[in-house]
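Notes follow the structure.
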Amino acid sequence: GENVEQHPSTLSVQEGDSAVIKCTYSDSASNYFPWYKQELGKRPQLIIDIRSNVGEKKDQRIAVTLNKTAKHFSLHITETQPEDSAVYFCAATPYSGGGADGLTFGKGTHLIIQP
Amino acid sequence: GAVVSQHPSWVICKSGTSVKIECRSLDFQATTMFWYRQFPKQSLMLMATSNEGSKATYEQGVEKDKFLINHASLTLSTLTVTSAHPEDSSFYICSARDRGGNYEQYFGPGTRLTVT
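Protein chains in written order, with the working numbering: chain X, 0 to 114; chain L, 92 to 207.
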């Protein structure tokens, strides 16, 4: 099955600086890579996702890059703000629409924005 | 749109009893729903995939006789934790995929289960 590794486990950055979180996956069949932000006791919130047919996607301060050859993808947050502090999870799945494509999550990154 | 609800939001039960958790897609039809478990300060782990009208598919290491899943309609899946023990205490989260939609999974708010 799929295995997703995520680094770092904790990331502390100064407000206004950029943050980068990296993930690698093992299953070459994986083709959908979402990123989630989760606050304590709450549901995961999708912040951005990317499919395997593109190498980069951007949404305002958030961007994701995908390298299929190396099987890794990264989350980039620019101009970080205090409200960006949370736990971030990457995930991967070999989506087929056939109903057997649950997400495999990384272990999470606790992002701390220092004022 | 794309709202998923769970009930209850939290439950406390005694060891040996059973607990049922409901997951509903409120404004879309979901042929597939997923159940995840999250222990404190850990990641989400997929427990099982629930397809409407068919038996659930369980991940390796998840006991199907302990975690009973029923997906009787396109908007409702239930997870029953049977003979619960303290080690089953966790945050249970469901997600659903829109029948006519795309890759995204919509997550419920989660159910905090505490077994005493």
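All C-beta atoms in this analysis are idealised placements derived from N, C-alpha and C, irrespective of residue type, glycine included. Just so it is clear, the structure is predicted and the values come from calculations on it, not from any experiment.
Amino acids of chain L, ordered along the chain, whose beta-carbon sits closer than 9 angstroms to that of residue i
i                 : result
Leu-65 of chain X : None at all; the shortest Cβ gap to chain L is about 14 angstroms.
Tyr-24 of chain X : By Cβ distance, chain L contributes nothing, its closest Cβ being about 14 angstroms from Tyr-24 of chain X, past 9 angstroms.
Three-state secondary structure (DSSP) of residue i
i                  : result
Pro-33 of chain X  : strand
Glu-178 of chain L : helix
Asp-16 of chain X  : coil
Asp-100 of chain X : coil
Asp-48 of chain X  : strand
Asp-83 of chain X  : helix
Arg-123 of chain L : For the record, residue 123 of chain L in the displayed sequence is Thr; it is not Arg. Reduced to three states, the DSSP call for Thr-123 of chain L is strand.
Phe-208 of chain L : Residue 208 of chain L lies beyond the residue range present for chain L, which begins at 92 and ends at 207; the question has no answer from this structure.
Val-94 of chain L  : coil
Val-153 of chain L : coil
Leu-39 of chain X  : coil
Tyr-94 of chain X  : coil
Arg-203 of chain L : strand
Thr-173 of chain L : coil
Lys-106 of chain X : coil
Gln-5 of chain X   : strand
Ala-147 of chain L : coil
Asp-58 of chain X  : strand
Lys-105 of chain L : coil
Beta carbon proximity, residue i to chain L, threshold 8 angstroms
i                  : result
Phe-72 of chain X  : no
Gly-107 of chain X : yes
Arg-60 of chain X  : no
Leu-10 of chain X  : no
Leu-110 of chain X : no
Tyr-31 of chain X  : yes
Tyr-87 of chain X  : no
Asp-48 of chain X  : yes
Any C-beta of chain X under 8 angstroms from that of residue i
i                  : result
Gln-196 of chain L : yes
Phe-125 of chain L : yes
Gly-199 of chain L : yes
Ser-134 of chain L : yes
Any non-hydrogen atom of the ligand FAD closer than 7 angstroms to residue i Cβ
i                 : result
Ala-18 of chain X : The ligand FAD is not part of this structure, which contains no ligands at all.
Short Cβ contact (8 angstroms threshold) for residue i with residue j
i                  : j                  : result
Gln-161 of chain X : Gln-113 of chain X : This structure cannot settle anything about residue 161 of chain X, because the visible part of chain X is limited to 0 through 114.
Leu-65 of chain X  : Tyr-87 of chain X  : no
Ser-29 of chain X  : Thr-108 of chain X : no
Glu-4 of chain X   : Gly-96 of chain X  : no
Asp-48 of chain X  : Trp-34 of chain X  : yes
Ser-51 of chain X  : Val-63 of chain X  : no
Ile-160 of chain L : Ser-141 of chain L : yes
Leu-165 of chain L : Glu-143 of chain L : yes
Val-95 of chain L  : Gly-199 of chain L : yes
Tyr-183 of chain L : Arg-128 of chain L : yes
Thr-23 of chain X  : Lys-56 of chain X  : no
Ser-174 of chain L : Lys-155 of chain L : no
Ala-90 of chain X  : Lys-36 of chain X  : no
Contact list for residue i against chain L, beta-carbon separation under 8 angstroms
i                  : result
Thr-103 of chain X : Leu-137
Whole-number beta carbon distance between residue j and residue i, since they are thought to touch under 8 angstroms
i                  : j                  : result
Val-172 of chain L : Ser-106 of chain L : That pair is no contact at about 11 angstroms.
Glu-1 of chain X   : Thr-103 of chain X : 4 angstroms
Arg-203 of chain L : Phe-119 of chain L : That pair is no contact at about 25 angstroms.
Pro-177 of chain L : Val-206 of chain L : 5 angstroms
Neighbouring residues, chain X, relative to residue i (Cβ below 7 angstroms)
i                  : result
Ile-184 of chain L : Arg-42
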